[in-house]
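Quick notes on the structure that follows.
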Ligand code: SAM
Ligand code: SF4
Ligand code: SF4
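Residue numbers (our numbering): 16 to 395.
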């Protein structure tokens, strides 16, 4: 049946205004979903990160520097965004292919109108074994006081909140929109009250900018159920003026903590493909995580795919090209045919995947031709 209505077309990469767009050739044979896909490096497909907006109310200097992300920046129009129905439909296909964990991200996901409705739709999805998905969301926390209860009620299980400093002036200089740290901390309290027990706190560490906030942050989150995670400043996208010398490496942070009298002990990974190395205070008072994308690449187990706000599929955070799934969702084929086509495309893309940017960073960075997709578009 497939030859009859599935054209084979290869359109060259067209534009980089929202990242390169690759129109993946539609295969002429439909293959069934089998779960347990393996890429070229035998990595499975387990996590899907879904960006629900490319907009944000912060201008973090390492992510959306305000010199680049001005009001004239070509943000996506509403019609270009995947609708909640389209996201849910794609998610179901990904689940058939083995995805078990969904992270909603952006831009700032809580800016997407009625995001709770999407959470409820995703929370209703079941795996072939009848299990609910591990559904989580990453936010800058600015709207948590307003949204925490409704997100929880909609079925959101876990939350990650980004927080780079406790010192108000440092925090404001990093978010670059004068947003006060107390409002994020208040959002965290609201999330606790709403029933989010163990919240992950993401702290991007930039040398010379917020490294003096490491110890205050460790002290603040010690004796809480939350998990403070240090993230090495990464060269995502092309606008954050990344330089290797601005990265404070995990080993340096560990040394700093040892010096400050915080002995840590390593914890075993909870599942394959985890981004963070886990530790806990020796007295068991809190867990800490280290995401060392620059100093200890973890491509070997990377089981994450990313769906952009407009329905492009990316198989690496540092990708230049995505694969357009939306054009198929919006095609005139019948519903079941669309599902089969998209399912087939996802399988082909994952099976062809060979990404390992972090392992090859030094070589990759020598290519000045290659444009990388921005973090706010692809989702962190
Ligand atoms: N706006 C939400 C937030 O900030 O939590 C979600 C999207 S944000 C892109 C996701 C995560 O990526 C955040 O924890 C953020 O700190 C991190 N991030 C952004 N740019 C980064 C960079 N250049 N290096 C390391 N982490 C970065
Ligand atoms: Fe916005 Fe998050 Fe990027 Fe900061 S890290 S600019 S909060 S998307
Ligand atoms: Fe995965 Fe790409 Fe990051 Fe490697 S660089 S861990 S392949 S997202």
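Just so it is clear, CB atoms sit at the ideal spot from N, CA and C, and this is done for glycine as well.
Helix, strand or coil: which one does DSSP assign to residue i?
i	result
residue 17	Confidence is the limiting factor: at residue 17 the pLDDT is only 35, short of 50, which leaves the residue's position unreliable and the question unanswerable from this model.
residue 91	coil
residue 184	helix
residue 165	helix
residue 380	coil
residue 221	strand
residue 197	helix
residue 26	Confidence at residue 26 is low in this model, with a pLDDT of 31, below 50, so the placement of that residue is unreliable and no value is reported for it.
residue 234	helix
residue 1	The structure shown has nothing for residue 1, since the chain only spans 16 to 395.
residue 385	coil
residue 395	coil
residue 136	helix
residue 202	helix
residue 72	coil
residue 127	coil
residue 99	helix
residue 390	helix
residue 159	helix
residue 226	helix
residue 105	helix
residue 314	helix
residue 249	coil
residue 208	helix
residue 110	helix
residue 79	coil
Report buried or exposed for residue i, applying the criterion of at least 16 other Cβ atoms within 10 angstroms of its Cβ.
i	result
residue 299	exposed
residue 268	buried
residue 197	exposed
residue 238	exposed
residue 234	exposed
residue 124	buried
residue 375	exposed
residue 155	buried
residue 330	buried
residue 192	exposed
residue 29	Legend: pLDDT at residue 29 = 33, less than 50; position of this residue unreliable, no value from coordinates given.
residue 161	exposed
residue 285	exposed
residue 179	buried
residue 93	exposed
residue 122	buried
residue 85	exposed
residue 318	buried
residue 349	exposed
residue 337	buried
residue 255	buried
residue 414	In the structure displayed, the chain extends from 16 to 395; residue 414 sits before or after that span and is not available.
residue 157	buried
residue 152	buried
residue 387	buried
residue 252	buried
residue 129	exposed
residue 345	exposed
residue 32	Its pLDDT being 38, under 50, residue 32 is placed unreliably in this model, and the coordinates cannot settle the point.
State the beta-bridge partners of residue i as determined by DSSP.
i	result
residue 176	154, 216
residue 304	244, 293
residue 120	66
residue 59	53
residue 149	116
residue 141	147
residue 319	62
Handout entry: For review: beta carbons within less than 5 Å of any heavy atom in ligand 5
Key = As for ligand 5, it is missing from this structure, which binds only ligand 1, ligand 2 and ligand 3.
Handout entry: Inside the stretch 252 to 298 only - alpha helix (DSSP H) runs reaching at least 4 residues
Key = 265 to 274
Practice task
At 4 residues or longer, and completely inside the stretch 322 to 376: list those alpha helix (DSSP H) runs for me, N to C.
Solution key: 341 to 344, 350 to 367
Exercise for the section: Output the residues surrounding ligand 3, defined as those with a CB atom closer than 7 Å to any ligand heavy atom, in chain order. Expected result: 308, 312, 313, 314, 317, 319, 331, 332, 333, 370, 371, 372, 373, 374
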